[in-house]
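Quick note on my numbering: the sequence shown kicks off at 62 and runs consecutively.
We put the CB at the ideal spot given by N, CA and C, even for glycine.
Keep in mind it's a predicted model, so treat the numbers as computed, not measured.
These notes are about the structure you will find just below.
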Amino acid sequence: MSEEILINVTPRETRLALIENGLLQEIFLERRSRSGHVGDIYLGKVVRVMPGMEAAFVDIGLERAAFLHNTDILPIDADGMEVRSETPVDIQRQLREGQFIVVQVAKDPIGTKGARLTTHLTLPSRHLVYLPRNSHIGISQRLEDEAERARLEQLLHKCLEEDARQDQGGFIIRTAAEGASSDELKEDVRFLHKLWAAVERRIEKSEEVRVLYRDLPLYLRAVRDLITPQIEKIRLDTQEAFDEVELFMRDFIPDCQTRVELYQGERPIFDVYGIDDEIEKALGRQVKLKSGGDLIIDQTEAMTTIDVNTGAYLGSKNHAETVLKTNLEAATAIARQLRIRNLGGIIILDFIDMIDPEHQRQVLRTLNKALEKDHARTMVTSISELGLVEMTRKRTRESLGQILCCPCPVCSGRGRVKTSETICYEIFREIVRVARAYENDELLVMASQGVVDRLLDEESSTLADLEVLTGKTIRFEVEPMYTQEQYDVVLF
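The following block contains the structure:
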């Protein structure tokens, strides 16, 4: 299985695509006007404490106040270390309005919701995650080789014993640490201690809301977090970004330095690999399956629903085998679409009904296997009595659709517009209201071409009756700039 990372950098936007066997699997976007904040550390100011919600709103300098729940607050002792209590502490004893507090962004602002915060601070490097206020030593669950887990834990403990600051902070060994040497872990430990020392100095000198630590730009985060032995090439299309990535690789991942390439082709790098076409498809509701079936994906505020249809596929065997084949293909496609679209929260999957329990188990196994590649944490339930699969996917940033799109100004995000017939009836009711309120003899109706055409054609007899009822002459005018739902009834 070959994987590549393609990085397109422009002054206003950075786009990153993760390719697996020639197919787009994930897309990351970062715009200068609205770059992500996950991982950034702030000195924030509590603006409102809400005992009923056991939460507080904190000003960290963003457009909307950020949300801090009581479960995400860990008290700090005299030595600056987190204190975990068996019994929950009331929010009013933890925070007060006007108080300054050091927080980290756990989730970006999404829709109308502000950022989600935590006081449990973490600083990532290539192989480790540093917990400056915690003494915990852990290891990623994605590292499954027990011998390698034991080797890495032993190496880390040895590094910490040799470090002068061994009593300060804890560490989590990342999945990327697989195969790392003692020197590499030592370098990460030194780097993270220096980084935290710099953050502490900023905390001591700060007396107002400000950012204390900002994570790396997208193309450097990708190298730090996404590169694995399966990544064969990292291709960038600008010299400046290439130089930065090459320097980062030389300092932190020298073994992989030869994998970085500067793309200098005439065509844009995303065009060569068809990424823009894939992004366009990912903004649509329908996803075609090779078998002829399809997925219908609808994202709402509360959840995302995915419906599986057989479409034109009839199969060569019996109906049960046809359904199984479509559902198995859909399970793999769903896992890919969740990553490409970055859909998070509650997700409801409506597979085609399967009577055979073994077929149901096969589909669930295929879905879980496909989700193993996902960097976001997922949880899948068994098929319910209604034939639905409920799952969750951790959401830390906006979905692809939320980043690239906004609600339609014509339908206000409904996805539908009223028919011309419906608008005609609304106009009739408005004519009656205006006629009763004013004494003038004529009314002017301004509407779109389609609505005016219907008024003068199919609805002409109703209009004649309305003129008799109101005793007024009704005139019409086409407004080319009006959408189908826009109209005005005015005095003439």
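- With 16 or more other Cβ atoms from the protein chains shown falling within 10 Å of its own Cβ, L350 counts as buried.
- Exclusion of the five residues before and after R92 leaves E74 as the residues of its chain whose Cβ lies within less than 6 Å of its Cβ.
- Residue burial annotation: E519 is exposed, with fewer than 16 other C-beta atoms found within 10 angstroms of its C-beta.
- When T179, E223, E269 are compared, the shortest CA-CA separation from K247 is found for E223.
- By the C-beta criterion, the stretch 105 to 113 is judged to be in contact with the stretch 158 to 173, since at least 3 inter-stretch pairs fall below 8 Å.
- For Y280, the uninterrupted alpha helix (DSSP H) run begins and ends at 279 to 287, by DSSP.
- DSSP places T71 in the coil class of the three-state scheme, outside both helix and strand.
- Only buried fits V166, as 16 or more other CB atoms lie within 10 angstroms of its CB.
- Excluding sequence positions up to five before and after D435, its CB lies within less than 8 Å of the CB of A396, L399, R400, R454, all in the same chain and listed in chain order.
- D312 carries a helical assignment under DSSP once its states are collapsed to helix, strand and coil.
- L79 places its beta carbon less than 8 Å from that of L287.
- Within the model, the alpha-carbon separation for I413 versus S352 is close to 14 Å.
- Nearest C-alpha to G448 among S481, V369, Q463: V369.
- Between G326 and M364, the C-beta spacing is not below 8 Å.
- Closest in alpha carbon position to F303, among E540, Y548, E64, T71, is T71.
- The closest CA to that of L192, considering only G172, Q229, K219, L221, is found on Q229.
- The closest CA to that of G83, considering only E239, Y334, V321, T180, is found on Y334.
- When secondary structure is reduced to three states using DSSP, G462 falls in the helix class.
- About 18 Å separates the CB atoms of G97 and R438; that is not less than 8 Å, and the two are not in contact.
- For the alpha helix (DSSP H) assignment, the uninterrupted runs of no fewer than 4 residues enclosed by the stretch 399 to 467 are, from N- to C-terminal side, 418 to 432, 461 to 465.
- Non-local C-beta neighbours of V144 in its own chain, meaning closer than 6 Å and more than five positions away in sequence, comprise P136, D138, ordered along the chain.
- Beta bridge pairing from DSSP links Y191 with L184, F232.
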